[in-house]
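Heads up: the structure comes next, in structure tokens.
Residue numbers (my numbering): 228 to 634.
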């Protein structure tokens, strides 16, 4: 990057007129499934989906088999990603041993091995005593603790949002308060500790208001962040009608009112990070009755246009702000900004995403770069697309029209 560069020495010149040239997008919440579940996704296929969606960096969750709860397991993923990954891969280490919520994992050693965050994602750290011990252990590492907010005693047997749709389908409902009580409790516990604390995939209006109050409190505001996922910003529990297992996700899709309040939380700056919660599954895991079906959906390839639809087209945020939520927000969350990620600067990492905000296209799950096909957005018409993904100066995904890309 610089002024008056000599294009004659370039291997390739890309005409980006009419495109948004953004810092490489960063997803702080993906499931790459290795080790243990390569039938669902691999680091290679998951990162291929990432670059297809415009992401140059992802943070993988530790709910693998075995869990990423020790430094050697973090190192294994980093080595695997270095050889097979199509984009940068960072690890979130498990907060507790085996993600069982009973004993704090080796967070200090994992931080030294390269873990950029800690979480038991897929489950909450439900025990208050263990939760406090986790906060105490994570704080000196400088990393963030990311909570999957779910009180298990309120969600046993539940498979979707508690509301009229669940009643009509005869399914056990999952109340929003199951998320909210965990966040309330954690914020109280953390007042005496001061660890960086992040709420993953916020789904309820109540959680937005809890975070709003926390971010207005000067004693804790700098420590607390929240994240929104594309499906919670675009779909309601009505998507589960007809026992549509592709719409079964944890936390569940909620009411139209929750969606509106979540969008408002992004617009107001209460939510400062966007994360896909890309959760690939096999076809068999979804081709069963709703209560038994696996939780989750893919998201890496559809996230950008869905965010644009929910937030830019609705007037909630501008394109520059959306880009910030997908770059600098997650970079700061996971400390990646210290390596120059999340922004464009002279001498910084050459990670760029070229976006055509007006591109109209149809998502076809069968053509996905991911190994999985479990998306409720299959066949949906979308507007906005990453047309070029550049990682460390190398074009890793290219949808540029021939006349734009002169070699």
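Glycine is no exception: its CB is placed at the ideal position from the N, C-alpha and C atoms. Being a predicted model, the structure only gives us computed values, none of them experimental.
What does the Cβ neighbour count give for residue 430, buried or exposed, with the cut at 16 atoms within 10 Å? Buried: at least 16 other Cβ atoms inside 10 Å.
**Message:** Using only the alpha-carbon positions, how far apart do residue 466 and residue 478 sit?
**Reply:** Residue 466 and residue 478 have their alpha carbons spaced roughly 14 Å apart.
#### Entry: In chain order, each beta strand (DSSP E) run of at least 3 residues that lies wholly inside the stretch 350-401
DSSP runs (the beta strand (DSSP E)) wholly in the stretch 350-401: 371-374.
Beta-carbon proximity list for residue 358, same chain, < 8 Å, skipping 5 on both sides:
Cβ neighbours of residue 358 beyond the five flanking positions: 352, 412, 413 and 416.
In chain order, which continuous runs of the alpha helix (DSSP H) of length 4 or greater are located wholly inside the stretch 552-627? The stretch 552-627 contains these whole alpha helix (DSSP H) runs: 555-560.
*Throw me the rounded Cβ distance for the residue 253 and residue 554 pair, which I believe falls under 8 Å.*
Residue 253 to residue 554, Cβ: 6 Å. Contact.
Keeping to the same chain, check which residues put their C-beta closer than 8 Å to that of residue 609; ignore five residues upstream and five downstream.
-> Around residue 609, the same chain offers 529, 532, 533, 536, 587, 588, 589 and 590 as residues with beta carbons nearer than 8 Å, after the five sequence neighbours per side are excluded.
**Request:** Consult DSSP for residue 454 and reduce its assignment to one of helix, strand or coil.
**Result:** DSSP places residue 454 in strand when its eight states are reduced to three.
(message) Pairs of beta-carbons, one from the stretch 562-574 and one from the stretch 483-498, closer than 8 Å: are there three or more?
(response) Between the stretch 562-574 and the stretch 483-498 there are fewer than three C-beta pairs closer than 8 Å, too few to call the two in contact.
Identify whether residue 194 lies in helix, strand or coil by the three-state DSSP scheme. Because the chain here runs from 228 to 634, residue 194 falls outside it and cannot be looked at.
Any idea if residue 330 is buried or exposed, counting beta-carbon neighbours within 10 angstroms, 16 or more meaning buried? Only exposed fits residue 330, as fewer than 16 other CB atoms lie within 10 angstroms of its CB.
#### Entry: Of the residues 422, 271 and 299, the one placed nearest residue 313, counting alpha carbons only
Considering only alpha carbons, the answer is 271.
TODO: Using a threshold of 8 Å, state whether the C-beta atoms of residue 366 and residue 421 are closer than that.
DONE: With respect to the 8 Å criterion, residue 366 and residue 421 are classified as neighbours on the basis of their beta carbons.
Task: Check whether residue 464 and residue 399 have beta carbons under 8 Å apart - done: Residue 464 places its beta carbon 8 Å or farther from that of residue 399.
- State the Cα-Cα distance for the pair residue 299 and residue 339, rounded to the nearest angstrom. If I take the Cα positions, the gap works out to 11 Å.
Item checked: residue 573 classed as buried or exposed, judged by whether at least 16 other C-beta atoms fall within 10 angstroms -> So residue 573 ends up on the exposed side.
TODO: Count the other CB atoms, across all protein chains shown, that sit within 10 Å of the CB of residue 267; report buried if there are 16 or more and exposed otherwise.
DONE: Label assigned to residue 267: buried.
TODO: Specify, as a first and last residue, the run of the beta strand (DSSP E) that residue 313 falls within.
DONE: Looking at the DSSP string, residue 313 is not in any beta strand (DSSP E), and its letter there is neither H nor E.
#### Entry: DSSP state of residue 337 mapped onto helix, strand, coil
In the structure shown, residue 337 sits in a helix (DSSP, three-state: H, G or I).
Where residue 394 falls, given that 16 or more other Cβ within 10 Å makes a residue buried: Answer is exposed; the Cβ neighbour count stays below 16.
Only counting the same chain, and skipping five residues up and downstream in sequence, which positions put a Cβ closer than 6 Å to that of residue 288?
So the list reads 258, 319 and 348, once near-sequence residues are dropped.
- Hey, could you find the ends of the alpha helix (DSSP H) residue 532 is sitting in? 530-534 is the extent of the alpha helix (DSSP H) around residue 532.
* Asked: Using a Cβ-Cβ cut-off of 7 Å (strictly less than) and excluding sequence neighbours within five positions of residue 245, which residues of its own chain qualify?
  -> Setting aside the 5 residues that flank it on each side, residue 245 has no residue in the same chain whose C-beta is closer than 7 Å to its C-beta.
Extent of the continuous alpha helix (DSSP H) to which residue 252 belongs:
No alpha helix (DSSP H) contains residue 252, which is instead part of the beta strand (DSSP E) from 252-257.
Point to revise | Start-to-end residues for the beta strand (DSSP E) that takes in residue 286 | key: Taken as a continuous stretch (DSSP letters only), the beta strand (DSSP E) holding residue 286 covers 282-287.
Rounded separation between residue 336 and residue 255 - CA only: The straight-line gap separating the alpha-carbon atoms of residue 336 and residue 255 is approximately 21 Å.
Next item on the list: Below 6 Å CB to CB, which residues in the same chain sit around residue 607 once its five sequence neighbours on both sides are set aside?
Entry: If we look at residue 607 and ignore the five residues flanking it on each side, its Cβ neighbours are 590.
Under 8 Å Cβ to Cβ from residue 301, same chain only, skipping five residues before and after it: list those, please. 295, 318, 320, 337, 340, 341 and 342, listed in sequence order.
So the beta strand (DSSP E) residue 344 belongs to, where does it begin and stop? Run containing residue 344: 344-346, per the beta strand (DSSP E) assignment.
* Where DSSP assigns a beta bridge to residue 501, which residues make up the other side? -> Under DSSP, residue 501 forms a beta bridge with 455.
Practice item. Reducing DSSP to helix, strand and coil, say where residue 515 ends up. Key: Coil, per DSSP.
Notebook entry, point to check: Leaving out the 5 sequence neighbours to the left and right, which residues in its chain are closer than 6 Å to residue 307 when beta-carbon positions are compared?
Noted result: 270.
According to DSSP, is residue 264 helix, strand or coil?
Note: residue 264 maps to coil in three-state DSSP.
Exercise. Between residue 577 and residue 550, is the Cβ-Cβ spacing less than 8 Å?
Worked result: It is not a contact, given that the beta carbons lie outside the stated cut-off.
Taking the alpha helix (DSSP H) that residue 403 belongs to, which residues open and close that run?
According to the DSSP assignment, residue 403 belongs to no alpha helix (DSSP H), since it is labelled neither H nor E.
_Counted within 10 angstroms of its Cβ, other Cβ atoms place residue 621 as buried (16 or more) or exposed_ = Its Cβ having fewer than 16 others within 10 Å, residue 621 is exposed.
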